[in-house]
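Comments concern the structure below.
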Amino acid sequence: MTSGEVADDERLMRRALRLAIRGQGRVEPNPMVGCVIVRDGRVLGEGHHARFGGPHAEVIALRNCSASPRGAAAFVTLEPCCYTGKTPPCVEALLAAGVRRVVAAMPDPNPRVRGRGFAALRRAGVEVRVGVLRTDAERLNAPFSKLTRRGRPWVIAKWAQSLDGKLATATGDSRWITSPPARRHAHQTRGRVDAIVVGIGTVLADDPLLTCRHGRLRRVATRVVLDSRLRMPPRARLVTTCRSAPTLVFCSPVASVRRRLRLEAAGCEVCPVGRDKDGLALAEALDELGRRKMSNVLVEGGPRVLSDFLQRGLVDEAHVYVAPLLIGDRAAPGPASGLHTRRVADALRFDEPRVRRLGPDWLFVQRVAGLRAGLPGGG
Ligand code: AOF
Ligand code: ZN
Numbered sequence: 104m105t106s107g108e109v110a111d112d113e114r115l116m117r118r119a120l121r122l123a124i125r126g127q128g129r130v131e132p133n134p135m136v137g138c139v140i141v142r143d144g145r146v147l148g149e150g151h152h153a154r155f156g157g158p159h160a161e162v163i164a165l166r167n168c169s170a171s172p173r174g175a176a177a178f179v180t181l182e183p184c185c186y187t188g189k190t191p192p193c194v195e196a197l198l199a200a201g202v203r204r205v206v207a208a209m210p211d212p213n214p215r216v217r218g219r220g221f222a223a224l225r226r227a228g229v230e231v232r233v234g235v236l237r238t239d240a241e242r243l244n245a246p247f248s249k250l251t252r253r254g255r256p257w258v259i260a261k262w263a264q265s266l267d268g269k270l271a272t273a274t275g276d277s278r279w280i281t282s283p284p285a286r287r288h289a290h291q292t293r294g295r296v297d298a299i300v301v302g303i304g305t306v307l308a309d310d311p312l313l314t315c316r317h318g319r320l321r322r323v324a325t326r327v328v329l330d331s332r333l334r335m336p337p338r339a340r341l342v343t344t345c346r347s348a349p350t351l352v353f354c355s356p357v358a359s360v361r362r363r364l365r366l367e368a369a370g371c372e373v374c375p376v377g378r379d380k381d382g383l384a385l386a387e388a389l390d391e392l393g394r395r396k397m398s399n400v401l402v403e404g405g406p407r408v409l410s411d412f413l414q415r416g417l418v419d420e421a422h423v424y425v426a427p428l429l430i431g432d433r434a435a436p437g438p439a440s441g442l443h444t445r446r447v448a449d450a451l452r453f454d455e456p457r458v459r460r461l462g463p464d465w466l467f468v469q470r471v472a473g474l475r476a477g478l479p480g481g482g
């Protein structure tokens, strides 16, 4: 292949990746996939997987072709599937259309595919190239890969802090550290995840709703409360609104049955999980969310819960909103007080952040360093 062709493959895969991300929040627990069909340097058609249960990217792209795709190349962000799920296999659709070359960014980690899609294409005489912009594709679908391989959702820890790393004052006041544009952005994230996790402390202090009230709502997140002793008051807004957005409460196996029945009667779901040495077994709670096919969960706090997830190595990604103000005070909480780092060399490290300005604030989006797509260390 000439260097011109290699550059062209990357350009077209970039285009397919941009299409894929349009499915974010709508396709999970499926992966986000984009596809571009090209012949003689001309794009004949393109498409993306747009909703769970709907047609796959390849099928949509073929359907959108302005001319016959016979002899064309297909650029796909994920290995084409080779089995009948809710939709027929994409490999067959590509072969039936007469596609001659398939360029894919990464293999599908789904055990029903995992290389078999490529093998079937090659057997039929199609030229297959794998790995173009692989890192970008793996990054995009890391939640899908993690859920597929480990049975657990991707965990995003989110917090808003002052320049000196405080989430609130020592008296507990935190409204508002960040500006409206930053808060709007946080709502947008709520609108694409499967669950929003808080501790009972936050419920008792703020009586939050945890719904997406600004920005595009792509799915309704389950509101998850970590509440060992079921202290959640029946008057809490998370309880009174649980018919419009589900509320799931994780508690200890020895929590009061009377309180459990009261919350259940009000429409909440209560799920006992075991304990580990530091409290509720959060890993077990994540396993349960994984069984429910949740791909992304957003841990919103408060300080205790953030710290509990970080300290157990259960966080994959952090969204840190930083506001230009100082709070001070040793007693004011930070996000990671449960981490006891003796040497800087042992600190929990993140990859280089993607940084974005939101009004006067800054957002840092970063992943825990050393995660391999879908094969995170601790989480
Ligand atoms: C593709 N192209 O656009 C997507 C793929 O239940 P189904 O039929 O929707 O199949 C879901 C599985 O198909 C999913 O777990 C993943 O392995 C693959 N997704 N494959 O060729 C696509 N979304
Ligand atoms: Zn498919």
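Each residue of the sequence shown is one higher than the one before, counting from 104 in the numbering used here. Glycine included, C-beta positions come from ideal geometry on N, C-alpha and C. None of the values given here were measured: they were computed from a predicted structure.
Determine the direct distance from the alpha carbon of residue j to that of residue i, and round the result to whole angstroms.
i, j, result
"leucine 478", "arginine 460", "Residue placement at leucine 478 cannot be trusted, given a pLDDT of 48 that sits under 50; what the coordinates show is reported in the next sentence. Rounded to the nearest angstrom, the two C-alpha atoms are 31 Å apart."
"leucine 413", "alanine 175", "48 Å"
"leucine 392", "arginine 242", "21 Å"
"leucine 197", "tryptophan 262", "45 Å"
"glycine 416", "proline 283", "31 Å"
"glutamate 403", "aspartate 449", "25 Å"
"aspartate 267", "leucine 428", "8 Å"
"aspartate 322", "aspartate 297", "In the sequence as presented, aspartate is not what sits at residue 322; that position holds arginine. Distance between the alpha carbons of arginine 322 and aspartate 297: 7 Å."
"proline 337", "glycine 405", "20 Å"
"arginine 470", "alanine 439", "16 Å"
"leucine 474", "valine 235", "20 Å"
"aspartate 310", "serine 277", "13 Å"
"alanine 245", "arginine 378", "28 Å"
"aspartate 330", "serine 171", "58 Å"
"arginine 215", "glycine 150", "23 Å"
"isoleucine 163", "histidine 152", "8 Å"
"alanine 476", "glutamate 108", "With a pLDDT of 47 at alanine 476, under the threshold of 50, the modelled position of this residue cannot be trusted; read the value that follows with caution. Answer to the nearest angstrom: the Cα atoms are 27 Å apart."
"glycine 441", "aspartate 411", "7 Å"
"serine 347", "glycine 294", "14 Å"
"leucine 254", "proline 183", "In the sequence under discussion, the amino acid at residue 254 is glycine, which differs from the leucine named in the question. Each residue's Cα considered, the two are about 22 Å apart."
"aspartate 211", "aspartate 111", "23 Å"
"alanine 388", "arginine 117", "36 Å"
"arginine 365", "valine 376", "19 Å"
"tyrosine 186", "glycine 220", "9 Å"
"alanine 358", "glycine 462", "44 Å"
"leucine 147", "arginine 394", "40 Å"
"methionine 483", "leucine 341", "What the structure shows of the chain is the stretch from 104 to 482, and residue 483 is not part of that stretch, so it cannot be assessed."
"isoleucine 430", "lysine 249", "37 Å"
Hey, residue i and residue j: beta-carbon distance below 8 Å or not?
i, j, result
"isoleucine 303", "methionine 335", "yes"
"proline 349", "glutamate 367", "no"
"leucine 120", "alanine 240", "yes"
"serine 355", "leucine 313", "no"
"methionine 209", "leucine 181", "yes"
"leucine 401", "threonine 292", "yes"
"valine 179", "alanine 207", "yes"
"alanine 289", "alanine 421", "no"
"asparagine 133", "proline 256", "no"
"serine 265", "alanine 123", "no"
"alanine 339", "valine 306", "yes"
Give the range of the beta strand (DSSP E) segment to which residue i is assigned.
i, result
"glutamine 264", "257-264"
"isoleucine 299", "298-302"
"alanine 470", "Here residue 470 is arginine; the residue named in the question, alanine, does not match the sequence. Note, arginine 470: beta strand (DSSP E), 464-470."
"glutamate 403", "399-404"
"alanine 421", "420-425"
"glutamate 455", "No beta strand (DSSP E) holds glutamate 455; DSSP gives it neither H nor E."
"leucine 329", "325-329"
For residue i, tell me which candidate among the options has the shortest Cα-Cα distance.
i, options, result
"proline 456", "Phe467, Pro134 and Ala245", "Phe467"
"aspartate 390", "Val360, Phe353 and Val423", "Phe353"
"leucine 270", "Phe155, Ala435 and Ala177", "Ala435"
"alanine 308", "Gly437, Asp112 and Thr274", "Thr274"
"aspartate 464", "Thr444, Ala358, Met397 and Ile280", "Ile280"
"threonine 344", "Leu333, Arg361 and Arg326", "Arg326"
"arginine 361", "Val130, Val306, Leu333 and Leu250", "Leu333"
"glycine 228", "Arg237, Val194, Leu250 and Cys168", "Val194"
"aspartate 454", "Ala177, Cys185, Lys249 and Asp419", "Asp419"
"glycine 437", "Tyr424, Arg446, Arg445 and Val447", "Tyr424"
"glutamine 127", "Arg145, Phe247, Glu230 and Ala177", "Phe247"
"proline 191", "Glu161, Gly144, Asn213 and Val447", "Glu161"
"valine 233", "Leu320, Arg316 and Ala177", "Ala177"
"glycine 188", "Val306, Ala222, Gly156 and Val136", "Gly156"
"arginine 407", "Leu147, Gly218, Arg433 and Val301", "Val301"
"valine 136", "Val205, Arg125, Thr105 and Ala223", "Arg125"
"histidine 317", "Val328, Arg287, Asp143 and Leu224", "Arg287"
Specify, as a first and last residue, the run of the alpha helix (DSSP H) that residue i falls within.
i, result
"proline 284", "283-293"
"leucine 351", "That residue, leucine 351, is in no alpha helix (DSSP H); its beta strand (DSSP E) goes 350-354."
"arginine 340", "340-343"
"glutamate 367", "360-368"
"proline 246", "245-253"
"leucine 474", "No alpha helix (DSSP H) contains leucine 474, which DSSP labels as neither H nor E."
"glutamate 108", "106-123"
"alanine 391", "A small fix is needed here, since residue 391 is glutamate in this sequence, not alanine. Looking at the DSSP string, the run of the alpha helix (DSSP H) that includes glutamate 391 is 385-394."
Using a Cβ-Cβ cut-off of 8 Å, state whether residue i counts as contacting chain B.
i, result
"proline 336", "Structure shown: chain B not included; a single protein chain is present."
Report task. Report the residue ranges of all beta strand (DSSP E) runs contained in full by the region 137-225; include only those spanning at least 3 residues, in chain order. Result -> 137-142, 145-151, 176-179 and 204-207
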